[in-house]
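Encoded as structure tokens, the structure appears first; notes follow it.
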Amino acid sequence: MGAAQKKPRLIIFAKAPIIGGAKTRLAADIGKVHANRIYRAMVRTLLRNLQDPCWDIVLAVTPDHYECALFGGVWPAHMSRIVQGGGDLSDRLDRVFGQSGTTIVIGTDSPQIRRADIASAIAKARRHGAVMGPADDGGFWLIGFSGPAPKTAFENIAWSSETALDDVVKNLPRPPAYLRTLIDVDNKAALLEMRRQKARL
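FYI, the numbering for the sequence shown is 5 to 205, going by this note's numbering.
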């Protein structure tokens, strides 16, 4: 099958849903146990809502030794897995964007993502070469390319900062397309705002 016909990949970066292993900023606001319950619900929602025959889903997990874990069904047994590997987020993104064909990457911080968002991202990546889904905190909830990412795409990025999206965009050879802005649920205020907007966990 040629590159033009290759089914797009949706890669979901996910931390193991163990107490203290994810949502540390949210845990500081509401406690580790409650934050873990919220995180598990968010992951289940995304993995359930985003399955579609138009693309392949791959779960990119960290820490790597949890690759085969199920966590009580939070990570479906049938879903393809890869490990994120070592290094910072730049290194991990470089690895998953090294293949031909359209690749879309999301995290698990925005449970508002719907299949329509992924379909739009794929179409825009193919049309414009790159697509970004802005987060309300200056980062992004989605990034995608129609082929391998530019070699300098993830250089000198201030991750977890309000300039993360802009830092990536500056490294691209031409402006990307954009999707709607979503809430990055990283603390109690963001969680409450998402609930006010009637997003489902």
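Built from N, CA and C at the ideal position, the CB exists for glycine as well.
Task: Same chain, Cβ closer than 8 Å to Ala-168, neighbours up to 5 away in sequence not counted - done: Gly-142, Gly-143, Phe-144, Ile-161 and Ala-162
Task: Residue span of the alpha helix (DSSP H) that contains Ala-123, given as start and end - done: 119-132
Open item on the list: Using a Cβ-Cβ cutoff of less than 8 Å, which residues in the same chain neighbour Met-46 once the five nearest sequence positions on both sides are dropped?
Closed with: Cβ neighbours of Met-46 beyond the five flanking positions: Thr-112, Asp-113, Pro-115, Val-189 and Leu-205.
Task: 8 Å Cβ cutoff met for Ala-139 and Gly-148 - done: no
Open item on the list: Taking only three categories from DSSP, how would you classify Arg-178?
Closed with: coil
Open item on the list: According to DSSP, is Leu-14 part of a helix, a strand, or is it coil?
Closed with: strand
TODO: Within its chain, find whatever has a CB closer than 8 Å to the CB of Ala-152; leave out the 5 residues flanking it on each side and keep chain order.
DONE: The amino acid at residue 152 is misidentified as Ala; the sequence shows Pro. Closer than 8 Å at Cβ, skipping near neighbours: Phe-101, Gly-102, Gln-103 and Ser-104.
TODO: Pair every Cβ in the region 121-135 with every Cβ in the region 45-61, then say whether three or more of these pairs are closer than 8 Å.
DONE: The region 121-135 makes contact with the region 45-61, as at least three CB pairs between them are under 8 Å.
Open item on the list: Measuring only the C-alpha atoms, how far is Leu-146 from Asp-68?
Closed with: 22 Å
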